[in-house]
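Counting from 1, position 209 in the sequence shown corresponds to residue 340 in our numbering; the numbering is continuous, with no gaps.
The beta-carbon is built from N, C-alpha and C at its ideal position, and this holds for glycine as well.
Quick caveat: nothing in here was measured; it's all calculated off a predicted structure.
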Amino acid sequence: MRQLGYRVVDLLVDHFANIERGPVGAKADPAQMISLFDHDPPEAGRDPNELLAQLERDVFPNNLHVDHPRFFAFVPGPNNFVSTMADALAAGFNIFNGTWLGGSAAAAVELGVVRWLCRMCGFPTAAGGLFVSGGSMANLTALVAARHFLLQDRVADATVYFSDQTHSSVERALRVIGFLPDQMRKLESDNNFRLSIQGLRAAITDDRAKGLRPFCVIANAGTTNTGAVDPLSELADLAAAEKLWFHIDGAFGAAAVLSERGREMLRGLERADSISLDPHKWLFQSFECGCVLVRDAALLKSAFQIKPDYLRDVHRGLEEFNPCDYGVQLTRSFRALKVWLSLQTFGLAAFRRAITHGFELAELAERELRARPGWEILSPAQMATVCFRFGNSDELQTQLVDEMMKDGFALLTSTELSGRACLRLCTINPRTTEEDIVGTVNRLDKFARELTGRG
Ligand SMILES: Cc1ncc(COP(=O)(O)O)c(C=O)c1O
Numbered sequence: 132m133r134q135l136g137y138r139v140v141d142l143l144v145d146h147f148a149n150i151e152r153g154p155v156g157a158k159a160d161p162a163q164m165i166s167l168f169d170h171d172p173p174e175a176g177r178d179p180n181e182l183l184a185q186l187e188r189d190v191f192p193n194n195l196h197v198d199h200p201r202f203f204a205f206v207p208g209p210n211n212f213v214s215t216m217a218d219a220l221a222a223g224f225n226i227f228n229g230t231w232l233g234g235s236a237a238a239a240v241e242l243g244v245v246r247w248l249c250r251m252c253g254f255p256t257a258a259g260g261l262f263v264s265g266g267s268m269a270n271l272t273a274l275v276a277a278r279h280f281l282l283q284d285r286v287a288d289a290t291v292y293f294s295d296q297t298h299s300s301v302e303r304a305l306r307v308i309g310f311l312p313d314q315m316r317k318l319e320s321d322n323n324f325r326l327s328i329q330g331l332r333a334a335i336t337d338d339r340a341k342g343l344r345p346f347c348v349i350a351n352a353g354t355t356n357t358g359a360v361d362p363l364s365e366l367a368d369l370a371a372a373e374k375l376w377f378h379i380d381g382a383f384g385a386a387a388v389l390s391e392r393g394r395e396m397l398r399g400l401e402r403a404d405s406i407s408l409d410p411h412k413w414l415f416q417s418f419e420c421g422c423v424l425v426r427d428a429a430l431l432k433s434a435f436q437i438k439p440d441y442l443r444d445v446h447r448g449l450e451e452f453n454p455c456d457y458g459v460q461l462t463r464s465f466r467a468l469k470v471w472l473s474l475q476t477f478g479l480a481a482f483r484r485a486i487t488h489g490f491e492l493a494e495l496a497e498r499e500l501r502a503r504p505g506w507e508i509l510s511p512a513q514m515a516t517v518c519f520r521f522g523n524s525d526e527l528q529t530q531l532v533d534e535m536m537k538d539g540f541a542l543l544t545s546t547e548l549s550g551r552a553c554l555r556l557c558t559i560n561p562r563t564t565e566e567d568i569v570g571t572v573n574r575l576d577k578f579a580r581e582l583t584g585r586g
């Protein structure tokens, strides 16, 4: 056990210590990679050392390293080493985090961390929530609470409002809980990729006139595409006046409220009925670590709690917090441990600095791009995200992604804004340096000029 354990720790330490020296990762050829693992397990066990060597050769290099300081694609996963060790402990002790009876200390740790996150977002003391796999599950869990409280689970004729910049997990969550496409109002965002209050008001009025039941507004606290924050305070006013549930998808951006810059941008966050916030994004935790926060924890409980006979010993103590009563899972891993351990180890100031660093890196990237001819900024740096393109061809942006991938120094992905393909950098990794940003922009610039013949 010790030998295997020490080898595993050595591998992890090497990975954390040297990651920036290697490529940002690789995408394997499907036929080749699938054939490596498409076999029945052996009857007789194999030597763990040989197996680790196989993992080192075939598995670990053949993924994108979302924790690499020059991984700027999608939403990076810049986890920290303490969080990783906490996951090893949670798995090793195999702590059951579903009930107070099964894991009382774990439930207390989770409650403590969730209550801190609620305070951080400006929620009142009645608020609560739950750790879940990620933003997708957080959005789903919040919308189940909304449906239960406002619609008594009857979704017929109920309508939901969100901008065309909203993450697809919201639409999927609505699908899962019984909403049809014609009950979803995906509203055109404004020039800054934010939900338009006028557009929303008009859509609600229109639906009421048709006898439909407007029920929920979903706002973004940091869209995936551009980092845009919807006008949260105005939306909260409108939702309150119309008696709608107000959910904020802050899976990506809400954690930024810890920093001064984020706090300013996220004014109004505290007025939500529910918030999604992913510690596995901008709070630097290992996957899977999302969180759903609800203004009135009792609503979450009434949406999910069921008391089966075989859990009668679980539900005896009224004071006891049973996480299974607040979400979909009964058996749950101890996700809160990694958040607790890393917050305690590094302290809040380190997290605030790390978040602010992310804001600054995207601003630096924007400045560097503006300083080079031919680059157009489609969405300025906000929430550690900047979108831009070179020249007039959509195809060129895709080619630039491919060139960067082939080169291996840094990785970014493309998206579309107002129907135009563009490149996007998401700079939330606290281990990213200014040199990493400048080096990345230099390479992009070089490839763009080579591909277009513009010297
Ligand atoms: C704004 C937003 N919401 C939801 C999600 C989904 O989160 P997850 O992939 O953790 O389920 C993401 C993921 O990037 C996101 O950026």
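| Query | Result |
| --- | --- |
| Sequence ranges, beta strand (DSSP E) only - wholly within the segment 462-533, length at least 3 | 506-513 and 516-521 |
| Bridge partners - Leu554, DSSP secondary structure assignment | Phe519 and Ser545 |
| Three-way DSSP call (helix, strand, coil) for Met315 in this model | strand |
| CA nearest to the CA of Gly505, picked from Ser166, Phe578 and Met514 | Phe578 |
| Local Cβ density within 10 Å of Val140, reported as buried at 16 or more and exposed below that | exposed |
| Nearest-angstrom Cα separation, counted from Phe324 out to Phe482 | 28 Å |
| Of the listed residues Glu581, Asn560, Glu497 and His446, nearest to Glu534 (C-alpha basis) | Glu581 |
| Residues bridged to Ile406 [DSSP beta-bridge criterion] | Ile379 and Leu424 |
| Status (buried if at least 16 other CB within 10 Å, exposed otherwise) for Thr256 | exposed |
| Cβ separation of Ile90 and Gly393, assumed to be a contact under 8 Å, to the nearest whole Å | Any answer about residue 90 is impossible in this case: the structure gives the chain only from 132 up to 586. |
| Supposed close pair Leu305, Pro345 - CB separation, criterion 8 Å | Wrong, their Cβ atoms sit about 14 Å apart, outside the cutoff. |
| Close-in-space but distant-in-sequence residues of the same chain around Gly265 (CB under 8 Å, 5 per side omitted) | Ala382, Asp409, His411, Phe418, Glu419, Cys420 and Gly421 |
| Residue interval of the alpha helix (DSSP H) (run including Ile226) | Note, Ile226: premise wrong, no alpha helix (DSSP H); not H, not E. |
| Cross-strand partners of Arg344 (DSSP beta bridge) | Ala289 |
| With 16 other Cβ atoms within 10 Å as the buried cut-off, status of Gly229 | buried |
| Counted within 10 angstroms of its Cβ, other Cβ atoms place Arg316 as buried (16 or more) or exposed | buried |
| Asp198 CB to nearest heavy atom of ligand 1 below 8 Å | no |
| Rounded C-alpha distance that separates Cys455 from Val445 | 10 Å |
| Gly259, enclosing beta strand (DSSP E) - first and last residue | Gly259 to Val263 |
| heavy atom of ligand 1 below 8 Å from Lys317 C-beta | no |
| For Tyr137, the first and last residue of its enclosing alpha helix (DSSP H) | Arg133 to Asn149 |
| Sufficient close CB pairs (3 or more, under 8 Å) joining the segment 493-507 to the segment 160-171 | no |
| Touch test, the segment 433-445 against the segment 204-221, Cβ-Cβ under 8 Å, three pairs minimum | no |
| Host alpha helix (DSSP H) of Glu566 (start-end) | Glu565 to Thr583 |
| Cβ-Cβ distance between Cys518 and Leu474 below 9 Å | no |
| Cβ pair count under 8 Å reaching 3, the segment 142-157 against the segment 189-201 | yes |
| DSSP state of Ala387 mapped onto helix, strand, coil | helix |
| Own chain residues within Cβ distance below 8 Å of Leu479, not counting five before or after | Leu389 |
| Distance between Gly353 and Ala359 (C-alpha atoms, nearest Å) | 5 Å |
| Close-in-space but distant-in-sequence residues of the same chain around Cys347 (CB under 6 Å, 5 per side omitted) | Ala277, Val291, Leu375 and Trp376 |
| Where Ile165 falls: helix, strand or coil (DSSP) | helix |
| Any non-hydrogen atom of ligand 1 within 8 Å of Gly384 CB | yes |
| Minimum C-alpha distance to Ser458 - residue among Leu400, Leu430 and Gly448 | Inspection of the sequence shows that residue 458 is occupied by Gly rather than by Ser. Gly458 has its Cα closest to that of Leu430, out of Leu400, Leu430 and Gly448. |
| Contact between the segment 394-407 and the segment 171-189 (3+ Cβ pairs under 8 Å) | no |
| Reduced DSSP secondary structure (H/G/I, E/B, other) of Val360 | strand |
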